[in-house]
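Residue numbers (the working numbering), protein chains in the order written: chain A, 717 to 1234; chain B, 1312 to 1835.
Everything below concerns the one structure shown next.
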Amino acid sequence: MNNQYDELPDPKKAFLNTDSPRGLLALNAIIAAIYFYVLVFHFTPGNPILFTLLVIGQIFNLWQVFTFIYTVWDTSYEAPRNPAYHAAVDVFITVAGEPTALVRETVRAAVAMRHPAKRVYILNDGYVTKKENWRDMEALAALEGVQCITRTVPGGAKAGNINNALRLTSSPLVVIFDADHVPHPDFLEKTVPYFADPKVGFVQTPQFYKNFAQNYLTQGAWEQQELFFGPICKGKNRLNSTIMCGTNMVLRREALFAVGGMCTESITEDFVTGMFMHEKGYKSVYHGEVLAEGLAPEDFLSYTRQQFRWARGCLDAIFRYNPIFRSGLTFAQRIQYLSSASFFLSGSIVLMHSILPIIFLYTGAVPVIISGMLLTAVFLPYIFLTLYAIQRSSNFTFTFPSLALAMGAFTIQLKALYGALLRQKTSFTVTPKEAVTGNFVRLASVHIIYIAVAVFGVLVAFAREGLSASLVNNLAWVIFSVAIFIPFIRASLPPKKAAALSVPEKERAEKQAYERHF
Amino acid sequence: MSAIFKSPPILLTALVIFAGGLSLFFFSSQSLRLDEAQSLWQTSRAPVDIATIVAKDVHVPLYHFLLYGWRLLFGGGVETARMLSLLFYLLSIPALYALGKLAYNKEAGLFAAALFAISPFMNWYGNEIRMYTLFTLLVILNQYFFIKLWKSARHTDSASSGAALYAVTAILGMYSHYFFFLVLAGQAVFYFLRRQIFPRGTLRKLITSWMLVALALLPWGYYVYSIGEVQNQEPLLQAPTSIILFNAFSQFLFGFQADHINTVFLSLWPIAVILAFLALRKRHGGISPETEYFFLTVMLSTALAFGISLTFHPVFTSRYLILAVPSLYLLVTSVFSLYPERAARFARGAALFVMAATLIIELFSPTTPVKENYREAAQYLTAHAGGADVILLSAPFTIYPIEYYYRGAAPIRTLPLWNRYAFGPIPPFIPDKFPGEVAQATQANQNAWILLSYDQGYQEDIRLYFDTHYQRTDERVFSPGLTLYKYKLRYDTPLSERSKKSIEKSLGGDVPKFAEQILGLRTF
């Protein structure tokens, strides 16, 4: 049977074709508030600890819904730019042991960018990170006619590498590309004109994954990016709160110097540095157009490492540089930074929601005593409207695999939270650009144990109270959690190359990725 | 499966044969139910009387006139009358296929038709002597021509004929059930939300159609007004609650199930969230207008009925909202079509399996709540109630199905006492007057057989009154909510027929009068 929608949208444009259905968003906010009110105030609390946990979880969910609505309320803003404006640019390609062929492609594309005054540099960190191919980068630079800055004194990871290059270069604008992010020829033509406004500190462009059709994981990773680089970044652009993402961006050297260079104290140096720039009064711009194309992590280990780095960095930002208490940020910027960083707290909420039915199965304890179907009558419109609002605002690019991977990563977020709370040391790890093969099912062991615990719990509850309405309802919630965890478990299994995606999906995705767009 | 999908006529024929066979072999032999008995009673009169009774009963007369003609042509039995509803139901199956094909594609149409053919809810009403399958058929046809208004925008001729047929089906629909206005309301809202997809001139066509509907309804409205009285003889509906709301959806999908089964279905509601999550997929252009339309039809009609019931008068019942069923099934079809191929296949298979299973349960389970075994109750009374007994029915309107089957000697009366041929509505239950009504109903009878069903809020009062005043000697449950109690009214030994005749002959009067005057015995 054919599906209703046989054609996929253009992957480089669809996520940027955002919508702001204000009536829908307002309705969503109202229904969310009603749901919260009914859940918290209408029903009799059950177990006080579980009730408190549930209320905390719902407050967090409400925060996420409201900040999302606030962000995407208007995604049409475009910052002014002067096409006649030109300034000299230093193009930095950060390298730390990536394959030479991959770097070569990026270097050549950087050289091919149209701009009257640019210099391209390979920022070679291979020596300090003890990569075997560090000399190859110098040879590559010589061959391609660009300069190579090889760091000999370690420190500060990627941020240190950039700061080192800042000391050795002088152009007023700096462009940063990760080794795998291949720019389009018009990258500078589209981004530099924003700097005609002397208050613009940095311009960020989307981080497109050209290998999104490679497997189930790259697809999920890209679909997560789509929501962020689509409606969220476009909404943040309106609020002068664009998040600096570390690659495919242009920075004003003066602004970087004003904040002491790239922040070396955080593993998400970009996020924090951007916040510091905003603090100093510099503006940010998000240019909603794919101008460079990179690679998504192709294996589960790389994916989880990347997720951990983002989670740990953003949670560190909350605990060490809490945007709410930093002077110099506007109200909108405080809210936006906090909402972005606090996304990585959602792991705790996923855990809470998953574990409540398990607690019922084993003990019979419930957070609220519910009679009738009133909760259902308010919850279903709330959740459906929220999903539909996300779908509408993201031009229907938000998908179940991306949602499930994000929610399934709750273990990673909890680990990051634990590390951030205890201020454990962690190091910057470059996301590998080649697939690491192996079986990573151990990374999903918590999810698998959850399923086993749930199955046994159902037996316990059945023995205790038979097939009661409460048992059936909690069983349904367990099934819900398991349905969310399955894509995460699936991604942790060794990939079957041809079967990583279902055949029609893969054919469609590959066709689009490789035939139509390349 | 794909080979079958290439031949919709074969699959549709199979579906029609399945639904028809199921009806002929299983459903149609069931006992007459209250609503059906009312339809038979109403259509056993002259057309003018039918119009009057239907008007008083807060309904519209198209179905009743059709049933009147049908019975004239084919006979007046229960099975024959049920065939008319079955005919409309069977016609609805290919009609829904056509609607699904027009809205999406032939595969979607076939799947929706399959859901419709095995639906326990639709199969139930496919065999009920009421207007619901006619109503559903007209809803499907009307929606077909409504969607054609924007789908066939390029073909002027077909657009014009489509608009005319839209108007015709709307008029007939309004004469099949008052709730058809919910369909038109949904279409109006949809037009104003998505008017950009309609070709120019559609608003004019729609307004013209709606005006024609209003004009066509005027005579009936005037007639109802001129009668000046509403006498709803249907059971009192409960004020809606969140449970009733979700029960309606549960019934649309899983039919009428016993409470414990229904509770399981309702408790599984978080599965609906999973189904929505799975539908999150990339797609061009978002949700199709057709899906939006079906969603709006389901939600708006349900919400309006719920709101009216909360604010004015309880009218929320799943059978009135049968208009939402075709849209709901097409909506389910649409959601499943968004899933990845394997998940979609699984979801479709699971949906068909669950519906088939619940159909079997509904059909064979004695605890199916809508089963009304008045036939067996009446046969039992025929066999056991003697001439000196009285049969008391409550609620009063349950007299229709009982008298259809009852062939015994005991008189039948209702509690509260009701003369359905007299002017005015069914009298209410008034506790102070009740003992007097009991006295009047039982007179000199020996035993009272009290058949309680369709609780109108006073069933328990009646049972308690008899339990505290008389001796209960028997109790029997015929179907869920249909209970018979036997009470002994008096302890004096009744005279034998021979003795009675002898006394009457010698005294020249009747025995009860003699007993009352001479022996001082009271009948209770």
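C-beta: ideal position from N, C-alpha, C; glycine also.
For clarity, every value in this text was computed on a predicted model and none was experimentally measured.
At 8 Å on the CB atoms, spell out the chain A contacts of residue i, in chain order.
{"i": "S1553/B", "result": "G1088, M1089, L1090, T1092 and A1093"}
{"i": "T1574/B", "result": "A1185 and V1188"}
{"i": "A1587/B", "result": "I1099, F1100 and L1103"}
{"i": "L1556/B", "result": "M1089 and A1093"}
So what's residue i in DSSP terms, helix, strand or just coil?
{"i": "E1005/A", "result": "coil"}
{"i": "V898/A", "result": "strand"}
{"i": "W1580/B", "result": "coil"}
{"i": "A800/A", "result": "coil"}
{"i": "M965/A", "result": "strand"}
{"i": "A1688/B", "result": "helix"}
{"i": "F924/A", "result": "strand"}
{"i": "L1183/A", "result": "coil"}
{"i": "E1703/B", "result": "The displayed chain sequence assigns Leu, not Glu, to residue 1703/B. If DSSP states are grouped into helix, strand and coil, L1703/B belongs with the strands."}
{"i": "C864/A", "result": "strand"}
{"i": "F918/A", "result": "strand"}
{"i": "L1591/B", "result": "coil"}
{"i": "G1388/B", "result": "coil"}
{"i": "N956/A", "result": "coil"}
{"i": "Y1374/B", "result": "helix"}
{"i": "Q1828/B", "result": "In this prediction, Q1828/B has a pLDDT of 48, which is less than 50 and means its spatial position is unreliable; what the coordinates show is noted afterwards. Helix, per DSSP."}
{"i": "I1737/B", "result": "coil"}
{"i": "K834/A", "result": "strand"}
{"i": "N1247/A", "result": "Absent from the model: residue 1247/A. The displayed extent of chain A is 717 to 1234, so no value can be given."}
{"i": "R1731/B", "result": "coil"}
{"i": "F666/A", "result": "There is simply no residue 666/A to check, as chain A begins at 717 and stops at 1234 in what is shown."}
{"i": "F893/A", "result": "strand"}
Give the interface partners of residue i over in chain B, defined as CB-CB distance under 7 Å, in chain order.
{"i": "R1108/A", "result": "G1597"}
{"i": "L1119/A", "result": "F1588 and L1591"}
{"i": "F1196/A", "result": "P1581, V1584 and I1585"}
{"i": "A1122/A", "result": "Here the premise fails: no neighbours, minimum Cβ distance about 12 Å."}
On the criterion of 16 or more Cβ atoms from any shown chain inside 10 Å, does residue i qualify as buried, or is it exposed?
{"i": "H758/A", "result": "exposed"}
{"i": "G1840/B", "result": "Because chain B here runs from 1312 to 1835, residue 1840/B falls outside it and cannot be looked at."}
{"i": "S1471/B", "result": "exposed"}
{"i": "Q1140/A", "result": "exposed"}
{"i": "M1123/A", "result": "buried"}
{"i": "L1175/A", "result": "exposed"}
{"i": "L1322/B", "result": "buried"}
{"i": "I1065/A", "result": "buried"}
{"i": "R1158/A", "result": "exposed"}
{"i": "A1325/B", "result": "exposed"}
{"i": "T1784/B", "result": "exposed"}
{"i": "K834/A", "result": "buried"}
{"i": "S1318/B", "result": "exposed"}
Cβ closer than 8 Å: which chain B residues qualify as neighbours of residue i?
{"i": "W1193/A", "result": "P1581"}
{"i": "A742/A", "result": "The contacting residues do not exist; A742/A stays about 16 Å from chain B at best."}
{"i": "A1125/A", "result": "Chain B residues near A1125/A: none, gap ~16 Å exceeds 8 Å."}
So which residues of chain A does residue i contact, with C-beta pairs closer than 7 Å?
{"i": "K1593/B", "result": "L724, P725, F1112, T1113 and T1115"}
{"i": "L1577/B", "result": "M1089"}
Quick one: which chain B residues come within Cβ less than 9 Å of residue i?
{"i": "Q1096/A", "result": "It is worth fixing the name first, because residue 1096/A is Leu in this sequence and not Gln. What L1096/A touches in chain B: W1580, A1583, V1584 and A1587."}
Kindly provide the ranges of any beta strand (DSSP E) runs that are 3 or more residues long and lie completely inside the segment 720-792 of chain A, ordered along the chain.
Entirely contained in the segment 720-792 of chain A, not one beta strand (DSSP E) run reaches 3 residues.
The segment 790-805 of chain A in contact with the segment 907-921 of chain A per 3-pair CB rule at 8 Å
Touching, per the Cβ criterion.
Below 8 Å, can you find three or more Cβ-Cβ pairs linking the segment 1336-1346 of chain B to the segment 1706-1719 of chain B?
Yes: the two stretches touch, three or more of their Cβ pairs being nearer than 8 Å.
Just to confirm the assignment: which complete beta strand (DSSP E) runs, minimum length 3, are found wholly within the segment 1487-1511 of chain B?
Fully contained in the segment 1487-1511 of chain B is no beta strand (DSSP E) run of length 3 or more.
At least 3 beta-carbon pairs within less than 8 Å: the segment 1177-1187 of chain A vs the segment 1197-1210 of chain A:
In short, these stretches do not touch, since the Cβ pair count stays below three.
Jot down the residue ranges of each uninterrupted beta strand (DSSP E) in the segment 1748-1815 of chain B, minimum 3 residues, whole runs only, in chain order.
Residue ranges of uninterrupted beta strand (DSSP E) with 3 or more members, entirely inside the segment 1748-1815 of chain B and ordered along the chain, are 1758-1763, 1782-1790 and 1793-1799.
Extract the residue ranges of the alpha helix (DSSP H) inside the segment 1384-1466 of chain B, only unbroken runs of 4 or more that lie entirely within it.
Secondary structure in the segment 1384-1466 of chain B: the alpha helix (DSSP H) runs of 4 residues or longer, each lying completely within the stretch, are 1389-1414, 1417-1429, 1431-1436 and 1443-1462 in chain order.
Below 8 Å, can you find three or more Cβ-Cβ pairs linking the segment 1000-1018 of chain A to the segment 1026-1044 of chain A?
These segments do not touch.
Runs of beta strand (DSSP E) lying entirely within the segment 976-1035 of chain A, each at least 3 residues, in chain order
Along the length of the segment 976-1035 of chain A, whole beta strand (DSSP E) runs at least 3 residues long occupy 999-1002 and 1008-1010, reported in chain order.
Below 8 Å, can you find three or more Cβ-Cβ pairs linking the segment 781-801 of chain A to the segment 987-995 of chain A?
Judged by Cβ distances under 8 Å, the segment 781-801 of chain A makes no contact with the segment 987-995 of chain A, as fewer than three pairs qualify.
Is the segment 822-839 of chain A in contact with the segment 914-925 of chain A, if contact means three or more CB pairs nearer than 8 Å?
Because the criterion of three Cβ pairs below 8 Å is not met, the segment 822-839 of chain A and the segment 914-925 of chain A do not touch.
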